[in-house]
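Notes follow once the structure below has been shown.
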Amino acid sequence: MTDTGDKELLLLFRNKDNREYAFGQIIRKYQERLYWHIRKIVIVHDDTDDVIQNTFIKAWSGLDKFREASQLYTWLYRIATNEALNFIKKKRIKLMFSADDLENYLANTLEEDVYFNGDEIQMKLQKAILALPDKQRIVFNMRYFDEMKYEDMAKILETSVGALKASYHHAVKKIEKILARD
Amino acid sequence: MDEPNNIESGHSKIRKENAFRVPDNYFEELPRKIQDAVSKDKGWGKQQSRFRIVFKLHPGLAAAILGFAIIGYFTIRSLITDPSKGELSSGEIAEFFEFYSSELDEGMLFEVLDDIRPDTTDDGFNELMINYLLDHDIDYRSIIEEL
């Protein structure tokens, strides 16, 4: 993550002639990180594909108003997190109409997912993570898998470092309890 | 507070590596796909802007079009779906809109049009309701409780 690179890209974006080129560069720079962040929340590849497109569509329309009060990457992560959470909310409600619950649905989907090739124990871990509340799940993934600093997480999730540490601690304890039970 | 480097599971430690995969060349093709989606959205956005200007000047027209669009949508649905499923009739929907006419605004019109436009599947109605309720910050637990 280089601030200078982002500043240059934002400068290019503000010039109407370079706007699409600059946006393409922003996509290329952040697409993978954002994809994996979203994928761990929504689990299914096709859903992640939809959410990441919506994330960048929102970014495109909001980038003009982006005043660099936060870093570009923090801002993009925040949009991606909100889009993914919103997607999950809608999915949860839709599933209520078919009398299923999201945790079960995602766990079953994961078992049949051709784009998941974890071993048995990784599958168990993913299912245990799915049992966490949505926001705790995000905190756990960002810290455990992405090894993100609490300070960066706090900016993205707009909460305090202390609250994040407590949330992560509870998530780990819950996961260990679930894994020990299985 | 000690932090685990790896989650303990029995005697084994779970590898932290990413077990998820993507289709071949996914990240090579994604930027083009996103830029295409952005272009399409810009087109729809321009149409919306034109409508917004007209409807801001004529809120009554906005409410009338919204009412017609929704009643028309459900009338067509009722014609092509099984009546034994007990869905709302167009009359009932009209009554609903008459009752809630003061609540209708142009923002709602665009949300509804936006939802109807790409979605012609059976999930359309659920999607419509869910999006509306979520966009008005109604907690999903409250919605579930009401079902």
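Chains as they are written, first to last, in the working numbering: chain P, 1 to 182; chain V, 1 to 147. Just so it is clear, CB atoms sit at the ideal spot from N, CA and C, and this is done for glycine as well.
By a C-beta neighbour count over all protein chains shown, 10 Å radius and 16 as the cutoff for buried, is L183 (chain P) buried or exposed?
With chain P represented from 1 up to 182, any question about residue 183 (chain P) goes unanswered, as that position is not in the structure.
Would you say N18 (chain V) lies against chain P (beta-carbon separation less than 8 angstroms)?
Residue 18 (chain V) sits at position 18 when you count from the first residue of the second sequence. For N18 (chain V), the nearest beta carbon of chain P is closer than 8 angstroms to its own beta carbon.
Anything in chain V within Cβ reach of Q31 (chain P), meaning under 9 angstroms, just list it in chain order.
The residue given as residue 31 (chain P) occupies position 31 in the first sequence. Here the neighbours are F27, L30, P31, I34.
If you count every other CB in all the chains shown that lies within 10 Å of the CB of A19 (chain V), and 16 or more means buried, which is it?
As a working mapping, residue 19 (chain V) is identified with position 19 in the second sequence. A19 (chain V) should be labelled buried.
Cβ closer than 7 angstroms: which chain V residues qualify as neighbours of H37 (chain P)?
The residue you call residue 37 (chain P) lines up with position 37 of the first sequence. Simply none; closest approach about 11 angstroms.
Where do the N-terminal and C-terminal ends of the alpha helix (DSSP H) with I129 (chain P) fall, by residue?
Here residue 129 (chain P) refers to the residue found at position 129 when the first sequence is read from its first residue. Unbroken alpha helix (DSSP H) run through I129 (chain P): 120-130.
State yes or no: is the beta carbon of D41 (chain V) nearer than 8 angstroms to at least one beta carbon in chain P?
Position 41 of the second sequence, counted from the start, is the residue given in the question as residue 41 (chain V). With 8 angstroms as the cut-off, D41 (chain V) counts as an interface residue toward chain P.
On the CB-based measure, 16 or more other CB atoms within 10 Å of its CB, does T48 (chain P) come out buried or exposed?
Taking the first sequence and counting its residues from 1, one reaches residue 48 (chain P) at position 48. Burial call: buried.
With H, G and I counted as helix, E and B as strand and the rest as coil, what does DSSP make of F20 (chain V)?
Translated into the one-based positions of the second sequence, residue 20 (chain V) becomes position 20. Reduced to three states, the DSSP call for F20 (chain V) is strand.
If you count every other CB in all the chains shown that lies within 10 Å of the CB of T55 (chain P), and 16 or more means buried, which is it?
The residue you call residue 55 (chain P) lines up with position 55 of the first sequence. The residue in question, T55 (chain P), is buried, as its Cβ has 16 or more Cβ neighbours within 10 Å.
Would you list, in chain order, the members of the segment 103-131 of chain P that have their beta-carbon closer than 9 angstroms to a beta-carbon of chain V?
Those residues of the segment 103-131 of chain P placed with their C-beta closer than 9 angstroms to a C-beta in chain V are D113, V114, Y115, F116, N117, G118, D119, I121, Q122, M123, K124, L125, Q126, A128, ordered along the chain.
Return helix, strand or coil for F66 (chain P), following the three-state DSSP convention.
Against the first sequence, residue 66 (chain P) aligns to sequence position 66. DSSP places F66 (chain P) in the coil class of the three-state scheme, outside both helix and strand.
Roughly how many whole angstroms lie between the Cα atoms of I88 (chain P) and V22 (chain V)?
Translated into the one-based positions of the first sequence, residue 88 (chain P) becomes position 88. Translated into the one-based positions of the second sequence, residue 22 (chain V) becomes position 22. Just so you know, the alpha carbons of I88 (chain P) and V22 (chain V) end up roughly 20 angstroms apart.
Among the residues of its own chain, which have a CB less than 6 angstroms from the CB of R143 (chain P), if the five just before and after it don't count?
Position 143 of the first sequence, counting from 1, holds the residue named residue 143 (chain P). Excluding the 5 residues flanking it on each side, R143 (chain P) has same chain C-beta neighbours closer than 6 angstroms at Y168, in chain order.
Quick check on A148 (chain V) - is its C-beta less than 8 angstroms from some C-beta in chain P?
Past the edges of chain V, shown from 1 to 147, lies residue 148 (chain V), and the structure says nothing about it.
Can you find a CB in chain V that lies within less than 8 angstroms of the CB of G5 (chain P)?
Locating residue 5 (chain P) in the first sequence gives position 5, where the first residue counts as 1. No - not a single Cβ of chain V is within 8 angstroms of the one on G5 (chain P).
Less than 8 angstroms separating the beta-carbons of A57 (chain P) and Y35 (chain P)?
Against the first sequence, residue 57 (chain P) aligns to sequence position 57. Against the first sequence, residue 35 (chain P) aligns to sequence position 35. Sequence inspection shows Ile at residue 57 (chain P); the Ala mentioned does not correspond to that position. Result no, Cβ atoms of I57 (chain P) and Y35 (chain P) do not sit closer than 8 angstroms.
Determine the burial state of D17 (chain P): buried for a count of at least 16 other Cβ atoms within 10 Å of its Cβ, exposed for fewer.
Working through the first sequence from its first residue, we reach residue 17 (chain P) at position 17. When all chains shown are included, D17 (chain P) counts as exposed.
Thinking V44 (chain P) and T109 (chain P) are a contact (beta carbons under 8 angstroms), I'd like their distance in whole angstroms, please.
In the first sequence, residue 44 (chain P) corresponds to position 44, counting from 1. In the first sequence, residue 109 (chain P) corresponds to position 109, counting from 1. Correct: roughly 6 angstroms between the Cβ atoms.
Counting along the chain, where does the alpha helix (DSSP H) carrying F140 (chain P) start and finish?
The residue labelled residue 140 (chain P) in the question sits at position 140 within the first sequence. Annotation: the continuous alpha helix (DSSP H) that includes F140 (chain P) extends over 134-140.
Looking only at DSSP bridge pairs, what is F116 (chain P) linked to?
Position 116 of the first sequence, counting from 1, holds the residue named residue 116 (chain P). Paired residue(s): V:F20.
Nearest to K33 (chain V) by alpha carbon, out of P:D50, P:A154, P:R39?
In the second sequence, the residue the question calls residue 33 (chain V) occupies position 33. The option with the nearest alpha carbon to K33 (chain V) is P:D50.
Below 8 angstroms on C-beta distance, what does F56 (chain P) contact in chain V?
Start at 1 with the first residue of the first sequence, and residue 56 (chain P) comes out as number 56. Neighbours of F56 (chain P) on chain V, chain order: I34, A37, V38.
Contact criterion: CB-CB distance below 8 angstroms. Does F145 (chain P) meet it with respect to chain V?
Residue mapping note: residue 145 (chain P) aligns to position 145 of the first sequence, counting from 1. Closer than 8 angstroms: yes.
Along the chain, where does the alpha helix (DSSP H) that runs through Y150 (chain P) open and close?
Your numbering for residue 150 (chain P) matches position 150 in the first sequence. 150-157 is the span of the alpha helix (DSSP H), which, as asked, contains Y150 (chain P).
Buried or exposed, going by whether 16 or more other CB atoms sit within 10 Å of the CB of F13 (chain P)?
Residue numbering aside, residue 13 (chain P) sits at position 13 when the first sequence is read from its first letter. Counting Cβ neighbours within 10 Å, F13 (chain P) comes out buried, since at least 16 surround it.
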